[in-house]
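Some notes on the structure that comes next.
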Amino acid sequence: MTVEEIKEKLEADERNQSYTQRGISPVFQVDPAAKILIIGQAPGRKVEETGIPFNDKSGEKLMSWMGIDRSVFYSPEIAIVPMDFYYPGKGRSGDLPPRKFIASEYHPEILGMMPDIRLTILIGKYSVDYYLKDRKHRNLTETVAAYQEYLPDYFPIVHPSPLNFRWQAKNPWFEEKAVPELQKIVRKVLAQ
218 MTVEEIKEKL EADERNQSYT QRGISPVFQV DPAAKILIIG QAPGRKVEET
268 GIPFNDKSGE KLMSWMGIDR SVFYSPEIAI VPMDFYYPGK GRSGDLPPRK
318 FIASEYHPEI LGMMPDIRLT ILIGKYSVDY YLKDRKHRNL TETVAAYQEY
368 LPDYFPIVHP SPLNFRWQAK NPWFEEKAVP ELQKIVRKVL AQ
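All letters in the sequence shown, in the order written, are residues 218 to 409 by our numbering.
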């Protein structure tokens, strides 16, 4: 199956009809040449409007944490496959969670199209819970702190949202230790 065929399948899926009817396309970035896979939560409102993954402040922070610029981030070497390809809407305390069927029904097919993935960056609780399952620690902070346990396959991180400033202030070790390690691994993978 091609990327275009997967997009058509998503748009035809009745569970996505409210998006398709409004002309909203699924947001993801996939290329068979990808070496690094980013699995985030779901597009936000701004990303939904532009159709470009991480085209917001969170994306700027993520690129900074990875040590790359926009030209590399949006190149065929980087794949972006969120837990939901559509903005799930607002809830009481932030965005609603990604819908579960997207990852279970669509991820296997999409990931199978990218045989050269050498590193998967798991962003936030939803991707960590889904991909690390019983290997994760008690909470996201502990799992991210134990990132070395999941290498070389996975690198769990917190969401790069500007709203996470409190977490970052309480956990300075993340930018002091984890981010430089992530940058080193990203450089190494992209150089291969």
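All C-beta atoms in this analysis are idealised placements derived from N, C-alpha and C, irrespective of residue type, glycine included.
Since the model is a prediction, treat every value here as computed from it, not as a measurement.
If only complete runs of 4 or more residues are kept, the segment 295-348 shows the alpha helix (DSSP H) at 317-328, in order along the chain. For Tyr-371, the enclosing beta strand (DSSP E) covers residues 371-374. For Leu-407, the enclosing alpha helix (DSSP H) has its first and last residue at 396-408. Per DSSP, reduced to three states, the secondary structure at Ile-223 is helical.
Going by DSSP, Leu-254 is part of no alpha helix (DSSP H) but of the beta strand (DSSP E) stretching over 253-256.
Look at the beta carbons and you see the segment 297-314 touching the segment 248-263: at least three pairs across the two are nearer than 8 Å. Residue state for Gln-234 is assigned as helix, using DSSP reduced to three classes. Here Ser-242 is near Lys-224, since their CB atoms are less than 9 Å apart. Shortest Cα-Cα distance from Pro-369 to any of Gly-284, Met-218, Ile-334 and Val-375 involves Ile-334.
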